[in-house]
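Residue numbers (the working numbering): 16 to 273.
Here the structure is laid out as structure tokens; the discussion comes afterwards.
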């Protein structure tokens, strides 16, 4: 079991509803990511931007991107995480893929669709979480608006890392900063957020603020520029903090209903 996990957060602008151009952009970025990276994290809907018109793109694009992620993961010998607009069985999903090198690709469908933008009318909500173990770390990947709902992120599986991929706009970036830190503290886990930068076709501005927080809420990495952000997660930090403080032993137990 590995004691560290080296992560790369790709904070990028996106081309609106253009999967081909976006895949080429991320193809070049990922090729340049540090060779010893274990986990590469891309923003929410990284091939299209946060569009409520997925029908403007070919229905096969989600599957094409999934296969592309599998290839890149094997090329880089690193897991790749990111969400896309995905069509399946007469429904669109905001679907996050967890692509591991030379392995099956798992997925998570965004549970909390963003009603303010009408996402709930376009994309079918998911009903289950994904917990993936990769190189000795238990990882819980979630999507954007999920960040506002701490019950859904509650650490009842003793995961080590919670990850949010997002298109989180500039006017509400203060909430993003505060909630990412809170998710780390309350779950005694690393909390990672990967946001985009730039402006979309609806005029919404994005200022990044992708960041990594440790299990005590200390910020380990941050940027508001278009860049790749690096951090190293330490298994011993999680183990020692939980052994010393034992706050998770007092957590409430519950069953979710929807």
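All residues carry an ideal CB built from backbone N, CA and C; glycine is no exception.
Values in this document were obtained by computation on a predicted structure and should not be read as measured data.
Residue 82 burial status per 10 Å Cβ neighbour count (16 or more: buried): exposed
Of the residues 120, 167, 92, which one's Cα is nearest the Cα of residue 268?
167
For residue 154, the residue or residues it bridges with in DSSP: 147, 176
key: Nearest-angstrom Cα separation, counted from residue 196 out to residue 234   = 8 Å
Practice prompt. Give the straight-line distance between the Cα atoms of residue 36 and residue 59, rounded to the nearest whole angstrom.
Written response: 16 Å
Item to complete: Take residue 257 and list the residues in its own chain whose beta-carbon comes closer than 7 Å to its own, dropping the five residues that flank it on each side.
Response: 203, 263
Which of helix, strand or coil DSSP assigns to residue 72: coil
**Report entry** Minimum C-alpha distance to residue 255 - residue among 230, 153, 137, 218
**Finding:** 230
Is it buried or exposed, residue 124, if we count other Cβ atoms within 10 angstroms and call 16 or more buried?
buried
Three Cβ pairs or more, each shorter than 8 Å: is that satisfied between the segment 57 to 73 and the segment 204 to 212? yes
Review point. Going by C-alpha distance, which of 110, 104, 49 is nearest residue 245?
Key: 49
Please state whether the Cβ-Cβ distance between residue 67 and residue 132 is less than 8 Å. yes
Distance between beta carbons of residue 181 and residue 228, contact taken as under 8 Å
So it is not a contact: roughly 15 Å between Cβ atoms.
- Does the pairing of the segment 144 to 152 with the segment 27 to 46 give three or more beta-carbon distances under 8 Å? no
Alpha helix (DSSP H) containing residue 250: first to last residue? 250 to 260
* Asked: Alpha carbon to alpha carbon, how far is residue 143 from residue 126?
  -> 8 Å
Q: With a threshold of 16 other CB atoms inside 10 Å of the CB of residue 265, please say whether the residue is buried or exposed.
A: exposed
Scan the segment 188 to 236 and note each continuous alpha helix (DSSP H) run of 4 residues or more that stays entirely inside, going in chain order.
188 to 202
Checklist entry - Given residue 146, which residues of its chain have a CB within under 8 Å of its CB, disregarding the five upstream and five downstream residues? => result 153, 154, 155, 172, 174
* Using the DSSP secondary-structure output, state which residues sit across from residue 357 in a beta bridge. => This structure gives no information on residue 357, because the portion of the chain shown stretches from 16 to 273.
Task: Where the alpha helix (DSSP H) through residue 35 begins and ends - done: 34 to 46
### Query
Start and end of the beta strand (DSSP E) containing residue 20?
19 to 26
Worksheet item: Should residue 164 be labelled buried (16 or more other beta-carbon atoms within 10 Å of its own) or exposed?
Response: exposed
- Task: Less than 8 Å between the CB atoms is what I'm expecting for residue 45 and residue 115, so what's the real figure, rounded?
- Result: Actually they do not touch by this definition, with Cβ atoms about 15 Å apart.
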